[in-house]
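Heads up, the thing below is written out as structure tokens.
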Amino acid sequence: MKFEGSYQFPKTSSEVYSYISNLRRVSECIPDLKSLEIKSEDEALATVTAGIGFIRGDFNLRFNVTQRSPHTNLGYAVHGSGLGSGVDISITVRLVDLSTGGSTLSWVADTKVVGRVASMAQGMISSQAEKIIKQFFECLSQRLR
Amino acid sequence: MTALIYPADAKVRLELTVNGERRVGEAEPRMLLVHFIREVLGLTGTHVGCDTSNCGACTVVLNGRAVKSCTVFAVQANGGSLLTVEGLARKGRLHPIQEGFWEKHGLQCGYCTPGMMMAAYDLLQKNPDPTEEEIRRAISGNLCRCTGYVKIVEAIQYAAQKLRSDPSWRSGGD
Amino acid sequence: MTEMPVIHGMGSAVKRKEDVRFIQGRGTYVDDISLPGMVYLDFVRSPYAHARIRSINTEKAKGAPGVVAVITGKDLQPLGLDWIPTLSGDKMMVLPTEKVVFQMQEVVGVVAESRYAAADAVKLVEVDYEPLPVVIDPKKALEEGSPIVREDKRTNHVFHWEAGDREATDRLFEQADVVVGQDMYYQRIHVSYMEPCGCVAYYDSVKGTLTIWMTTQAPHVVRTVASLITKIPENKIRIISPDIGGGFGGKVYVYPGYIVAAVASIATGRPVKWVNDRSDDHPSTAFARDFHMRAELAARKDGTLLAFRVKAVSDHGAFFGDANPSKFPFGLFSICTGSYDLKAAFVEVDGAYTNKPQGGIAYRCSFRVTEAVYAIERLVDIMAHKLGVDPAELRLKNFIPPERFPYRSVMGWVYDSGNYAGALKKAMEKIGYEELRREQEEKRKRGELMGIGISSFTEIVGAGPSHTFDILGIKMFDSAEIRIHPTGKVIARFGTRSQGQGHETTYAQIIAEELGIPIEDITVEEGDTDTAPYGLGTYASRSTPTAGAAAAVASRKIREKAKKIAAHLLEAREEDVVWERGRFYVKGAPAKYKTIQDVAFAAYTNPPPGMEAGLEAVHYYDPPNMTFPFGSYICVVDVDRGTGEVKVRRFVAVDDCGNIINPLIVDGQIHGGLTMGFGTAFMEEISYDQDGNVYGANFMDYTIPTAVETPKWETDKTVTPSPHHPLGAKGVGESATVGSPAAFVNAVVDALWPLGVTHIDMPLYPWKIRRLLEEKGYALDK
Amino acid sequence: MFVIPDRFSYTVAHSVEEAVELLHTLEDSKVLAGGQSLIPFMKLGYASPKSLVDINPIPNLDYLDDSGESLKIGALTRISRLCGSELVAKDYPLIHDAALQIADPLVRNLGTFGGNVCHADMGNDLPAVCLAMNAEMVASGSSGQRVLAAEDFFVDRFTTLLAPDELLTEVRIPKNRRGCGGAYLKLERRVGDYAIVGVAAQLEVDDDGVCRSAGIGLTSASTKPIKASEAESWLVGKSISDEVLDKASTLAMNASNPLSDIRGPAEYKKAMVKVLTHRALNLAYKRARGGLS
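Protein chains in written order, with our numbering: chain A, 23 to 167; chain B, 4 to 177; chain C, 65 to 846; chain D, 3 to 295.
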């Protein structure tokens, strides 16, 4: 599934870029974070608790920065597993300066959830994934205001 | 008052009446009743056909009502009374339900049969003279892949008739 | 002259011998077997349908409480067991070393002291996957640039298979007045036996023997293949197929669990039990159907059917594992001219690899006959509607007439016997066909949707004659070994394996009929390769046509010897001795006789001079031809214009399987088959999304019929014996699954035809029908 | 991957107070009532609570009492008891319809009213019934007892208003008076399956067939059990006719927002909300007019 969204900031694209290309700062916006380990400037390992109602589980996720084109584009990849499922999310972020000053950030997240729970409780995990991704960008945008 | 808490890895000592006999066994809290029956009590007539509480192959009568023993924890049966397929016949005499399944060709591979008979047992306790529709609904939690149910229905009708005409089988059987 | 004992021979509706244990919970299924020191095998399974395995970390699992061994593909590699041959000459992964090719594939085996300990340890195995592009649609799989499932093959194309005469067929299509065609998808379904697959494997390192109690329909073939791939001598391998909780074709296959359990037992020296849970079994064991076809039928405007052609793609998943006879990569689909006297036919099928478990189970379908019957019976109905002729009338006009049997079809099959019009007319009479058509007319005027569907199928079973049929080179005979003890009691052993078909009773009835010995005195054994004569097993409705015939022939061999002994006892010349069921007497003096029991005793105590003692025989029966059961089914449905739900109001099945051994058992087989056909038509499907997630992977998601929605079947029969079978029998195990789906679909399409609906793919979900009603502006909102 | 629950500690409560205390003190605890939804979820690995509090031994939580202003249903009342109750069959046809369509007779032998409601799956049948009948949910917690309106009770999929240490003890259903009638219609792939869509309808009409009050609850029509409030209020004051029911069922359909899944595409489910609402209201009306039956 593809999810997407966009935000406008008073900051310029290069200011935004320098913030969101920093994995440590970005990872502070991962919701329900249980643990985090920054392996390099391009890779972090995180454990996230996700679920709905009493259906919860820990997801072990690897975050990678997959594309860095200063001021314009940034790519993240998330790969991991939890609740008997595999999760793969590729996120692309586009930054555009506005003639009126400030900039817009638009993101697209392509999410794949596979495995037993994904199959049995159709939609349950993907709807959670959507929620988490949106929270993540909501948090980023707050910090960039 | 403070309740007794059994730790996750505790071996809980269970004592219950099984087919009229007092039986004792151990189970950790998460052990499913069906595994307790098959692997601790050694009664393998109760089968496992699924893991989502759909097939009913594991049906037993617990404290007077038919339940899916894959969807009950063994610890919940502590102190209770259990009737399995092995307890249906009495003194070497087949229960009318068993007789009906045999007479009417109510089984083929035999895997769903014990659960099917225990569901029928529950039905005939509550309703000695069920209609075909009532029988079909009563076994709707028991899947059979061989018979197409026609002869299972006939088997239960046979048993109902036999039970009505033979008072010696009333008063449960467990 | 004394009373003849009641022996319950051919045609007796005697209750089954095997039931005594089943109704008392005393059957012995694989999971009921428990050996001292036994440990449990469980599997880590892949959440991905297609992924490269970066790494597997088993350290935590190995250290977990109760864990005895952890087995990966790398452990199997040195043994040459990471891949094994399939029954179709392809090979399949046991455990992956490089990549996984379908969701829920076995990845790592964990062996522990208990079921629970194994399950806990499975969660501790860490597998790092690198997802690969997934291919689910077999048509896409055959396109250029599609992801490759099998790197060892470098293509997703499994085979191209043709049957019939392309030119002659095309010519007739060009000359035809009317041509109808239809794209159809016969969906992927699971046999859904109630007992999941499993085994207990025990390697005795002292004796060097490997014993496997396993859920298999073909123990002897398994033993031979196991010996060939493991190099363990065949006399040191014993396969025991205990009571089987339904097979339906799904237990012909060899699954990774069996292999890993055996290896684990060799590695640990302990008995190893592996039993699939349902949620493991459904998505990882083999599937049936999954067949995309374009079928076309040509006719003259007077309704004479001329030619039939099919172009199809079949989905075989990641491994080509069909249990087909070697010469028939697409089974017996070429029976697709069905019950009709066609002038020509042509079929071509391409097989494709996809990211799914292996497919192509002969699910109660005698090798793709189900798909063939569905194709022709759907098209005949479409043709009837197109021509504006009653579907029954069109069938009656084009049936192969009784006097044409034995009949050679344009596909080269020689049908042994049949009376197709007889069966259809009987079904029409029983259901009140004319009256129903009148009712339908009136209902249509009132805007009510009622449909009537017919299927007049011809089956082809009893594989098979050795000149044509083999599996991995082994001829498809089957066997019986009968031994009569001095007191006249009998032990009989067979190479087949009942999974509910009642062999212990029907084989006993055959022997009783032939030797006049009551069935209570006859013990039938199957499934133990150490004791039973070699046989190919039970599938494709072959047991009665092959092993049943073997029982008759072996009994007759015994009777010949018995006659000599009787002559000796009666002090008469052999040619003067007369056989009358159960006894011999001298011509003209029936009062002075010797019973078969007297003769049996003499065979051990007082054989004729020079005669070898004992009374027994073995026979390996090689059928001269297949048998061709047939029947006509009529189904009546009512369609709810609001919800799109279909109610099957009535279903009449008239079957002809030749001479009947036990009517109770034949009824049971037909009821069960009809219910499976009903499930296929209305509710059963295993589907995948584009990421390779499987839907319908357990009994919560995969719905098989309960007693409530299953129609109350009305069955009847005609009897047209097979001229070449010793008992005139034909086999009936699969007729109803083969014949019924087309009847259900024909009925629903018949209801919707006036709206311009020509076809609906199974399963006929209410939402599909509602969608059509909306498109045609015929849906109701209440 | 054997389908077996993760380990949990097990404890038995003998009174409501004790249950609440245990839920309060134990880490990550969950109530075990009938267990017919919880145990499968634990086996499949959807849920792995660290501890279970078995409330089955609590006495006097299994009752049907209509002596007072409302029909009081104890949280531990087994579904099979509702199926077999003459009182329910005669006076509360909506509850009876629904009970008879929950899973199968074996599951109903253990499954409880409270459990079915608290599990709060969009596919469970009794939440819709509670919504349609404007039931009150009585909960006991460490901070005492409180009464919640069904409408507020169902927060999200598998999520209710109950606090982790709160226990549902009773459900109160307004008493059916003369002129009341209800019906539950459920569309299933196969008997015993979760609903493709289910509609609970409750009507009160006066002697002229004018609607005094209406309740409509929907199963599997959204990610949680929902109440078709607009349809309800639109019906009040109208004299029931085919046109009126058409409009009401359209409003109910508009209130729904189902998921596409193996039980059918969202657009089909939406259409079925309309069809079933119309049929359920119609049957409820007939029953209301025919008195209580």
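C-beta atoms are modelled at their ideal positions from N, C-alpha and C, and glycine is treated no differently.
Residue of the options minimising C-alpha distance to residue i
i        : options                                : result
B/Lys94  : B/Ala6, B/Trp172, B/His108, B/Val15    : B/Trp172
D/Val193 : D/Ala49, D/Leu25, D/Leu63, D/Ala100    : D/Ala100
C/Leu369 : C/Asp184, C/Gly424, C/Gly797, C/Asp241 : C/Asp241
C/Pro805 : C/Pro609, C/Tyr471, C/Ile440           : C/Ile440
D/His280 : D/Ile242, D/Tyr270, D/Ala152, D/Ser262 : D/Ile242
C/Asn689 : C/Trp477, C/Ser696, C/Val641, C/Gln141 : C/Trp477
A/Val100 : A/Arg165, A/Ile52, A/Leu166            : A/Ile52
C/Glu177 : C/Glu207, C/Asp229, C/Gly101           : C/Gly101
C/Leu451 : C/Lys781, C/Leu274, C/Val243, C/Gly314 : C/Val243
C/Arg468 : C/Tyr479, C/Arg459, C/Met475, C/Lys461 : C/Tyr479
C/Thr279 : C/Leu145, C/Glu298, C/Ile301, C/Gly311 : C/Gly311
D/Leu102 : D/Lys229, D/Ile218, D/Leu261, D/Leu84  : D/Leu84
C/Pro818 : C/Pro320, C/Ile446, C/Asp731, C/Ala653 : C/Ile446
Rounded straight-line distance, which links the Cα of residue j to that of residue i
i        : j        : result
B/Arg140 : C/Val772 : 6 Å
C/Thr219 : C/Asp201 : 15 Å
B/Asp125 : C/Ala544 : 43 Å
C/Asp247 : C/Ala359 : 6 Å
C/Met65  : C/Tyr404 : Residue placement at C/Met65 is poorly supported in this model, since its pLDDT is 48, which falls under 50; the coordinates are not used for a value here.
D/Arg291 : D/Asp210 : 9 Å
C/Gly517 : C/Leu816 : 12 Å
A/Lys156 : A/Gly27  : 8 Å
B/Asp177 : B/Leu86  : Residue placement at B/Asp177 is poorly supported in this model, since its pLDDT is 44, which falls under 50; the coordinates still yield a value, given next. About 6 Å.
C/Ala664 : C/Val588 : 18 Å
C/Ala448 : C/Asp454 : 6 Å
Contact belief for residue i with residue j at Cβ below 8 Å, rounded distance in angstroms
i        : j        : result
C/Lys794 : C/Gly722 : 4 Å
C/Tyr249 : C/His356 : 5 Å
A/Ser125 : A/Val38  : 6 Å
A/Tyr29  : A/Ser163 : 4 Å
B/His108 : C/Arg428 : 19 Å between Cβ atoms; not a contact.
C/Ile276 : C/Ile303 : 5 Å
D/Thr27  : D/Asp56  : The Cβ separation is near 15 Å, so there is no contact.
B/Thr20  : B/Ser72  : Their Cβ separation, rounded to whole angstroms, is 15 Å, which puts B/Thr20 and B/Ser72 out of contact at 8 Å.
Heavy atom of the ligand HEM within 7 Å of residue i beta-carbon
i        : result
C/Ser305 : Because no ligand of any kind appears in the structure shown, any question about the ligand HEM cannot be addressed here.
**OP:** Can you give me, in chain order, the residues of the stretch 51-80 of chain B that have a beta carbon less than 9 Å from any beta carbon in chain C?
**Re:** Val51, Gly52, Cys53, Asp54, Thr55, Ser56, Asn57, Cys58, Ala60
Subject >> Residues of the stretch 184-202 of chain D with Cβ closer than 7 Å to any Cβ of chain B, in chain order >> reply: Val193, Gly194
Original post:
Any residues in the stretch 245-274 of chain C with a beta carbon nearer than 7 Å to a beta carbon of chain B? Which ones, in chain order?
Top reply: Ser256, Tyr257, Met258, Glu259
Original post:
When the Cβ atoms of the stretch 48-58 of chain B are set against those of the stretch 108-120 of chain B, are three or more pairs found closer than 8 Å?
Top reply: Touching, yes.
Subject >> Near-chain A residues of the stretch 118-136 of chain C (beta-carbon distance less than 7 Å), N- to C-terminal order >> reply: none
**OP:** Would you list, in chain order, the members of the stretch 66-80 of chain A that have their beta-carbon closer than 8 Å to a beta-carbon of chain C?
**Re:** none
**OP:** Could you say if the stretch 657-675 of chain C and the stretch 493-507 of chain C meet the contact criterion of at least three C-beta pairs nearer than 8 Å?
**Re:** No: the two stretches stay apart, fewer than three of their Cβ pairs being nearer than 8 Å.
**OP:** Flag this pair as touching only if the stretch 132-151 of chain D and the stretch 201-216 of chain D have three or more C-beta atom pairs under 8 Å; answer yes or no.
**Re:** Under the Cβ criterion (8 Å, minimum of three pairs), the stretch 132-151 of chain D counts as touching the stretch 201-216 of chain D.
Original post:
Does the stretch 595-611 of chain C come close enough to the stretch 284-303 of chain C that 3 or more CB-CB pairs lie under 8 Å?
Top reply: yes
Subject >> Validate contact between the stretch 710-725 of chain C and the stretch 749-760 of chain C using beta carbons, cut 8 Å, 3 pairs >> reply: no
Original post:
Are the stretch 374-387 of chain C and the stretch 405-418 of chain C touching, with three or more C-beta to C-beta distances below 8 Å?
Top reply: yes
**OP:** Could you tell me whether the stretch 89-104 of chain C touches the stretch 253-268 of chain C, using the rule of 3 or more Cβ pairs below 8 Å?
**Re:** The stretch 89-104 of chain C vs the stretch 253-268 of chain C: in contact.
Original post:
For the 8 Å Cβ check, are there 3 or more pairs between the stretch 676-693 of chain C and the stretch 613-621 of chain C?
Top reply: yes
**OP:** Check distances from the C-beta atoms of the stretch 142-165 of chain D to those of chain A and list, in chain order, the residues that come in under 8 Å.
**Re:** Asp158, Arg159, Phe160, Thr161
**OP:** Flag this pair as touching only if the stretch 175-185 of chain D and the stretch 34-49 of chain D have three or more C-beta atom pairs under 8 Å; answer yes or no.
**Re:** A contact between stretches requires three or more CB pairs, one per stretch, nearer than 8 Å, and the stretch 175-185 of chain D fails this requirement with the stretch 34-49 of chain D.
Subject >> Contact the stretch 221-229 of chain D vs the stretch 137-145 of chain D: 3+ CB pairs below 8 Å >> reply: no
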